[in-house]
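Taking my numbering, the leading residue of the sequence shown gets 11, the next gets one more, and so forth. Just so you know, even glycine gets a beta-carbon here, dropped at the ideal spot from N, CA and C. Just so we're clear, the structure is a prediction, and the values are computed from it rather than from any experiment.
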Amino acid sequence: MSEDWILSVRDLKTHFFTREGVVRAVDGVGFDLAPGRVLGIVGESGCGKSVTALSILGIVDHPGRIVDGRILLRPAHGDTPVDPGHGDTPVDLARLDPPVDLARLDPTGRQIRSIRGGEIALIFQEPMASLSPVHTIGQQISETIRLHRRVGRRRSREQAVEVLRSVGVPDPEEGAKLYPFQLSGGLRQRALIAQALAGEPRVLIADEPTTALDVTTQAQILDLLRDLQKRRGMAVILITHDLGVIAEMADEVLVMYLGKGVERAPVDLIFHSPEHPYTRALLNSMPGLGAAAKQALPSISGTVPPAFRRPAGCSFHPRCLEFLEGTCNRREPEPVMVRPDQEVLCLRREPEEPSQTRKNCPKTDKVYRNRTLRPESGHFSPIEQESRD
Ligand SMILES: Nc1ncnc2c1ncn2[C@@H]1O[C@H](COP(=O)(O)OP(=O)(O)O)[C@@H](O)[C@H]1O
Ligand code: SF4
Ligand SMILES: [Mg+2]
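Here is the structure:
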């Protein structure tokens with residue numbers, strides 16, 4: 011694993027202990043996030059994307075909890091006085107503060123509260139659920155500023171106006187005096203982004219930030235996020251079910267299915283050399299790629315099963331076009347590096363049977379490009395539109 015990360019999630023498992031059974035919402039997810047990079051997390055509804063985000067922030071609802079894994083956050087530069095050594099002597103990493111494991115922190119403790127909103131901020135899909143209806147936008151942003159920066163009331167109000175200006179709110183002095191319900195959907199989302207930026211986070215997690223918006227506003231908000239990310243050099247985790255958004259925004263991509271990371275690679279490889287059958291099927295469901303642009307969104311065979319009724323073996327097997335009877339329904343796949351920076355969770359990509367792997371797993375274009383998944387066959391349903399649980 012590269013050492014150039016500020017956030018490293020390793021084999022994270024977050025389960026919900028419900029009366030119906032244990033929901034393994036996140037069940038072995040790992041990735042590294044480098045400064046100034048955008049990691050896109052993609053997958054259908056119910057695959058564990060939001061719970062991954064909530065786990066990082068330590069705000070998983072009861073009856074859920076992190077049961078295993080690590081969420082390592084590197085201390086900010088400047089937190090620790092480090093002797094840089096002399097001349098070309100490299101910085102002694104061993105003398106830096108060790109990373110903080112957020113999975114081990116008390117979710118109600120002081121340390122995670124100062125990291126939440128300060129070091130790591132979250133933007134949700136639905137701004138009305140995240141903004142207080144009884145305070146003005148300006149009050150809410152200046153309160154976040156006071157919480158995370160040492161400034162007085164007056165200075166925090168000025169800074170709130172500046173943050174609103176930076177996210178493109180026209181006439182930010184007046185905008186700061188408005189309540190959330192007085193703003194349009196697009197302006198509310200800008201206000202929410204402003205609130206997230208107010209604590210000057212090093213990591214921004216945006217969970218479906220544009221799903222509730224019309225297409226034009228969606229494009230504007232994505233432009234804004236990209237611009238802010240570049241200007242501030244933030245690391246961003248962008249969660250979406252939309253591969254179009256991933257193509258525009260992400261540097262690296264994690265594809266999730268039923269709580270697991272099934273493929274992880276730079277964005278170019280995801281689009282040009284996808285290896286996991288689920289990634290290929292998602293790509294195939296994109297209008298303009300596998301599917302004709304104007305037809306109803308074709309999709310992947312079946313739907314995501316309930317997380318507490320996980321299929322045996324590879325959990326994608328009931329829907330997989332490359333399913334191998336006796337193997338895929340028996341054995342759980344282990345992560346395999348198919349290229350130096352491409353990790354896949356699929357038995358048919360495992361190296362033990364290289365000849366079979368190649369023979370039985372033709373490349374994407376051969377398997378999928380000539381195949382149109384038809385809803386009338388009874389096996390295919392449109393990808394569910396995301397909705398927040
Ligand atoms: N509070 C909860 N109680 C029980 N199960 C939950 C709860 N929150 C989420 N889940 C389950 O965890 C799984 C992952 O959910 P989520 O992370 O919201 O998916 P996504 O964001 O990918 O749509 C789903 O099966 C969902 O039903
Ligand atoms: S392990 Fe088998 S069922 Fe699972 S994705 Fe690979 S080929 Fe498909
Ligand atoms: Mg979600």
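Cβ-Cβ distance between ASP217 and ILE249 below 8 Å:
Going by beta carbons, ASP217 and ILE249 fall inside the 8 Å limit.
Output the boundary residues of the alpha helix (DSSP H) element that contains ILE122.
That run of the alpha helix (DSSP H) goes 120–125.
What residues in its chain sit with their C-beta under 6 Å from that of SER152, if we drop five residues either side in the sequence?
For SER152, where only same-chain residues beyond five positions count, the Cβ hits under 6 Å are SER166, ARG167 and ALA170.
Suppose you measure from the CA of LEU202 to the CA of ARG126; what does that come to, to the nearest Å?
Cα-Cα distance, rounded: 15 Å.
I think VAL354 touches GLU285, with their Cβ atoms under 8 Å apart; what is that distance to the nearest whole Å?
The Cβ separation is near 5 Å, so the contact holds.
So, are the CB atoms of LEU43 and ALA260 less than 8 Å apart?
Not a contact, by the Cβ cut-off of 8 Å.
Buried versus exposed, by CB contacts within 10 Å (16 or more), ILE16:
Buried, by the Cβ-count rule.
Distance cutoff 8 Å, beta carbons only. Does THR118 sit that close to anything in chain D?
Absence of chain D from the displayed structure is noted, only one protein chain being present.
Does the beta-carbon distance from VAL39 to GLY271 come in below 8 Å?
It is a contact, given that the beta carbons lie within the stated cut-off.
For THR220 and PRO190, the rounded distance between their alpha carbons
Near 17 Å, if we compare the C-alpha coordinates of THR220 and PRO190.
Can you tell me whether THR289 is buried or exposed, with buried defined as 16 or more other CB within 10 angstroms of its CB?
Under the 10 Å beta carbon count, THR289 is surrounded by 16 or more other beta carbons and is classified as buried.
Member of ASP14, HIS145, GLY46 and GLY58 whose CA lies at the smallest distance from the CA of LYS23
The option with the nearest alpha carbon to LYS23 is GLY58.
Rounded separation between PRO361 and VAL346 - CA only
CA-CA distance, PRO361 to VAL346, rounds to 8 Å.
Sequence-distant residues of its chain with Cβ nearer than 6 Å to PRO45 (five each side left out):
Result list for PRO45: ILE16 and ALA245, in chain order.
Got a sec? Which residues, its chain only, sit under 8 Å from LEU264 by beta carbon, not counting five neighbours each side?
So the list reads VAL39, PHE41, LEU49, GLY50, ILE51, VAL52, GLY271, GLU273 and ARG274, once near-sequence residues are dropped.
Less than 7 Å between the CB of PHE26 and some heavy atom of ligand 1, yes or no?
Distances between the C-beta of PHE26 and the heavy atoms of ligand 1 include at least one below 7 Å.
What's the C-alpha gap between ARG29 and VAL61?
Each residue's alpha carbon lies about 19 Å from the other.
Would the beta-carbon of VAL179 fall within 8 Å of that of ARG159?
No, the Cβ-Cβ distance between VAL179 and ARG159 is not below 8 Å.
DSSP three-state label for PRO276, please.
PRO276 falls in the strand class under three-state DSSP.
How about CYS338: is its Cβ closer than 7 Å to a heavy atom in ligand 1?
Not one heavy atom of ligand 1 lies closer than 7 Å to the C-beta of CYS338.
Output the distance between the C-alpha atoms of GLN135 and THR154, rounded to the nearest integer angstrom.
Straight-line spacing of the CA atoms in GLN135 and THR154 works out to 19 Å.
By a C-beta neighbour count over all protein chains shown, 10 Å radius and 16 as the cutoff for buried, is SER142 buried or exposed?
Per the 10 Å Cβ criterion, exposed.
Helix, strand or coil for GLU342, going by three-state DSSP, please let me know.
Here GLU342 sits in coil by DSSP.
Do you know how far the Cα of LEU334 is from the Cα of LEU214?
The C-alpha of LEU334 is placed about 40 Å away from the C-alpha of LEU214.
Measuring CA to CA, which of ASP116, ARG75, ALA186 and GLU344 is closest to HIS145?
It is ALA186 whose Cα lies nearest to the Cα of HIS145.
DSSP beta-bridge partners of GLU353:
Paired residue(s): ARG274 and MET347.
Short of 7 Å in beta carbon distance, which residues of its chain neighbour ASP111, apart from the five on each side in sequence? Order them along the chain.
Around ASP111: ARG80, ILE81 and LEU82.
Closer than 7 Å to a non-hydrogen atom of ligand 3 - does that hold for the CB of ASP217?
At least one heavy atom of ligand 3 is nearer than 7 Å to the Cβ of ASP217, so yes.
So, helix, strand or coil for LYS76, using DSSP?
Here residue 76 turns out to be Ile, not Lys, going by the sequence shown. It is a strand residue.
Going by the C-beta, is LYS270 closer than 7 Å to any heavy atom of ligand 3?
Relative to ligand 3, even the nearest heavy atom lies 7 Å or more away from the CB of LYS270.
Which residue or residues does DSSP assign as beta-bridge partners of THR24?
The partner list for THR24 (beta bridge, DSSP) reads VAL36 and ILE76.
On the criterion of 16 or more Cβ atoms from any shown chain inside 10 Å, does GLN121 qualify as buried, or is it exposed?
That one is exposed.
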